[in-house]
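Using my numbering, read the sequence shown as starting at 44 and increasing by one per residue.
No residue lacks a Cβ here, since even glycine has one placed at the ideal position from N, Cα and C.
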Amino acid sequence: MAEVLIYVDHVDGAVRKPTLELLTLARRIGEPVAVALGNGAAYTADTLAEYGAVKVLTHDASEYAEYLVVPRVDALQAAHEAVSPAAVLVPSSAEGKEIAARLALRIGSGIITDAVDLEAGDEGPVATQSVFAASFTTKSRVSKGIPVITIKPNSAAVEAAPAAGVVEALSVTFSDQVTGTKITGRTPRESTGRPELTEAAIVVSGGRGVNGAENFSIIEALADQLGAAVGASRAAVDVGWYPHTNQVGQTGKSVSPQLYIANGISGAIQHRAGMQTSKTIVAVNKDAEAPIFELVDYGVVGDLFDVVPQLTEEIKAR
Ligand code: FAD
44 MAEVLIYVDH VDGAVRKPTL ELLTLARRIG EPVAVALGNG AAYTADTLAE YGAVKVLTHD
104 ASEYAEYLVV PRVDALQAAH EAVSPAAVLV PSSAEGKEIA ARLALRIGSG IITDAVDLEA
164 GDEGPVATQS VFAASFTTKS RVSKGIPVIT IKPNSAAVEA APAAGVVEAL SVTFSDQVTG
224 TKITGRTPRE STGRPELTEA AIVVSGGRGV NGAENFSIIE ALADQLGAAV GASRAAVDVG
284 WYPHTNQVGQ TGKSVSPQLY IANGISGAIQ HRAGMQTSKT IVAVNKDAEA PIFELVDYGV
344 VGDLFDVVPQ LTEEIKAR
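Structure, rendered in structure tokens:
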């Protein structure tokens, strides 16, 4: 069976959920071979094996912490040469997409970004994408070289599928480009204790209808009951009610959770672009004609200041 290279997104050996989703998709098209780089790479092996990696290629060097993506591209290229895979899958984070694009260029392959599903096809893996601000769903495959595909978080279930997970040291020679962009400092973001927006299974968002920074506590209370991340429309971000890091949409983040709850958000096309692939969409809006109701699974026409606290209390009571 063909091998499929997986780029592992991890923090000091703790594998992040989008990588486990990649393993589920990779198993549909071949045998997953994971590439774990940097500090703690070797500690990823047990988890990766549990979710289906037949092999884990590891490499650590100070370059991964000192420079931006190029050392990782060098390593992934080395893994690609060592394995000759049927496809290379990378999580669709900002870093993942840059790594994937650089790798595709180097190995002369086509690339598909932000896929939301993947299946085996007669002429190679077929990826599903949501395009033109989520107006269309397309299926495509790479026709040149080994497909490099980035996968959006929450595109597949995480499924345990124990495999050998044989750990092998990857041999990497860094290219001249490695030292091009040095990391001069890192500022850890203040933790809210909530899941990362793009990885969260549930997102609760607020828009202009929230009517003030202080009222976002209503949105946060619901999010905390559900173990959700908090999102915001650009209108709410532009007036300074919520940080830009939480903006959902065309010029914010793209999310694809199991459940998206939009509160006081009209559903402008630019907002939809960032959340339309959510599996279940719920909206609370006092205007029954708001465009958001065109795409919801469940809609509540009502004042969010009545509805959201009641919803929070109801969930708390269960
Ligand atoms: P509004 O459109 O003002 O809607 C507020 C809604 O709240 C209304 O439907 C109203 O009925 C409802 N409401 C008011 N009070 C209550 C209440 N008490 N209870 C219940 N409902 C209530 N937008 C994004 O979100 N993300 C982006 O990334 C983004 N990128 C953009 C990029 C470009 C190039 C451009 C031009 C625009 C972009 N926008 C983006 C802006 C977008 O066009 C909309 O202006 C924005 O999404 C509107 O935000 P909103 O729905 O919160 O506000």
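Test item: CB-CB of residue i and residue j under 7 Å
i: Ala137; j: Ile154; result: no
i: Leu302; j: Thr323; result: yes
i: Lys359; j: Gln268; result: yes
i: Gln293; j: Ala272; result: no
i: Gly252; j: Gly307; result: yes
i: Val327; j: Val343; result: yes
i: Glu74; j: Met44; result: yes
i: Val247; j: Leu265; result: yes
i: Gly167; j: Arg184; result: yes
i: Val194; j: Leu91; result: Looking at the sequence itself, residue 194 is Ile, so the reference to Val does not match. No, they are not a contact pair.
i: Ala77; j: His102; result: no
i: Leu161; j: Leu48; result: no
i: Leu213; j: Ala122; result: yes
i: Arg71; j: Ala158; result: no
i: Pro61; j: Pro196; result: yes
i: Ala206; j: Ala125; result: no
i: Gly274; j: Asn289; result: yes
i: Thr156; j: Lys182; result: no
i: Ala278; j: Gly249; result: no
i: Val116; j: Arg145; result: yes
i: Val351; j: Tyr341; result: no
Boundaries (first-last residue) of the beta strand (DSSP E) holding residue i
i: Gly139; result: Gly139 -> not in any beta strand (DSSP E); alpha helix (DSSP H) instead, spanning Ala137 to Ile150.
i: Asp157; result: Ile154 to Glu162
i: Pro75; result: Glu74 to Leu80
i: Thr222; result: Here Thr222 belongs to no beta strand (DSSP E), and DSSP marks it neither H nor E.
i: Glu17; result: Summary: the structure shown does not reach residue 17, with the chain confined to residues 44 through 361, and so no result is reported for it.
i: Val99; result: Lys98 to His102
i: Gly345; result: Premise fails: Gly345 is in no beta strand (DSSP E) and is neither H nor E.
i: Ile245; result: Ile245 to Gly249
i: Glu46; result: Glu46 to Tyr50
i: Pro134; result: Ala130 to Pro134
i: Val174; result: Val169 to Val174
Reduced DSSP category for residue i - H, G, I as helix; E, B as strand; rest coil
i: His336; result: The sequence shown places Phe at residue 336, not His. Correct three-state label for Phe336: helix.
i: Pro114; result: helix
i: Lys182; result: strand
i: Pro352; result: helix
i: Ala57; result: strand
i: Tyr86; result: helix
i: Val191; result: strand
i: Gln319; result: coil
i: Val253; result: helix
i: Ile324; result: strand
i: Ala206; result: coil
i: Ala200; result: coil
i: Ala331; result: coil
i: Val126; result: helix
i: Thr67; result: helix
i: Thr62; result: helix
i: Ile226; result: coil
i: Leu40; result: In this structure the chain extends from 44 to 361, so residue 40 is not present and cannot be described.
i: Glu242; result: coil
Exposure of residue i, with buried meaning 16 or more beta-carbon neighbours within 10 Å
i: Ile229; result: At residue 229 the sequence reads Arg, which differs from the Ile that was named. Exposed, because fewer than 16 other Cβ atoms sit within 10 Å of the Cβ of Arg229.
i: Pro114; result: buried
i: Lys296; result: buried
i: Ser173; result: buried
i: Lys98; result: buried
i: Tyr22; result: For residue 22 there is no data in the structure shown, the boundaries of the chain being 44 and 361.
i: His287; result: exposed
i: Ala256; result: exposed
i: Thr87; result: buried
i: Val131; result: buried
i: Phe259; result: buried
i: Ala200; result: exposed
i: Leu148; result: exposed
i: Thr224; result: exposed
i: Glu226; result: Reading off the sequence shown, one finds Ile at residue 226, where the question assumed Glu. Label assigned to Ile226: exposed.
i: Tyr107; result: buried
i: Gly81; result: buried
i: Thr216; result: exposed
Terminal residues of the alpha helix (DSSP H) in which residue i lies
i: Ala108; result: Glu106 to Glu109
Whole runs of the alpha helix (DSSP H) within the region 259 to 314, excluding any shorter than 4 residues: 259 to 269 and 277 to 281
Can you list, in chain order, every residue whose CB sits closer than 5 Å to a heavy atom of ligand 2? Ligand 2 is absent from the structure shown, which contains only ligand 1.
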